[in-house]
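In my numbering, the protein residues as written are 912 to 1027.
C-beta atoms are modelled at their ideal positions from N, C-alpha and C, and glycine is treated no differently.
As the structure is a computational prediction, the values presented were derived from the model and not from experiment.
Shown next, in structure tokens, is the structure this report addresses.
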DNA sequence: CCAATGACGACTT
DNA sequence: GAAGTCGCCATTG
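Written out as structure tokens, the structure is:
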């Protein structure tokens, strides 16, 4: 398959990338939050888009996107897998057992872009 | 075209 | 509140 087709056909790829780029340092967001903001109707699409961002080798702070529980479920797609947590810790996000400790405090929702 | 899969989430039991 | 079930939508075989 051609990756070009994907880029051309599905604009929400770029939307997901945009939102992910907007996540402040030291904060994290969730697939559901992004999916909700973009009205994708499916949080799976967010992870799917991020997964392809690797294949396209796009510079993206995908490590700031975790699932709704704050777990680093995407770490298996990193190289090495523990890099995801390491990057977050470097940014000030406390990680323990592959999940964000103070998830509620550092959680960031894209709606904050509209609020200011 | 049908079945299985996935970096998920909400609901029900 | 933990475990199980269904919904979600696009990709892949």
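**Report entry** Which listed residue (1026, 1021 and 1027) has its alpha carbon closest to that of residue 1028
**Finding:** Residue 1028 lies beyond the residue range present for the chain, which begins at 912 and ends at 1027; the question has no answer from this structure.
Own chain residues within Cβ distance below 7 Å of residue 979, not counting five before or after: Taking the first residue of the first chain as position 1, residue 979 is located at position 68. For residue 979, where only same-chain residues beyond five positions count, the Cβ hits under 7 Å are 941 and 943.
Check: With DSSP run on the structure shown, which of helix, strand or coil describes residue 934?
Finding: Working through the first chain from its first residue, we reach residue 934 at position 23. Three-state DSSP puts residue 934 in coil, outside helix and strand.
For a quick check, are the C-beta atoms of residue 960 and residue 924 less than 8 Å apart? Within the first chain, the letter at position 49 stands for residue 960. Within the first chain, the letter at position 13 stands for residue 924. In contact: residue 960 and residue 924 (Cβ atoms closer than 8 Å).
| field | Which of helix, strand or coil DSSP assigns to residue 941 | value | Locating residue 941 in the first chain gives position 30, where the first residue counts as 1. Residue state, collapsed to three classes: strand.
**Asked** Name the DSSP beta bridge partners of residue 1018, please?
**Response** Taking the first residue of the first chain as position 1, residue 1018 is located at position 107. Residue 1018 pairs with 939.
By DSSP, does residue 1010 sit in helix, in strand, or in coil?
-> What you label residue 1010 is simply residue 99 of the first chain in a count that begins at 1. Three-state DSSP puts residue 1010 in a strand.
Do three or more CB pairs link the region 965-972 to the region 944-955 at distances below 8 Å? no
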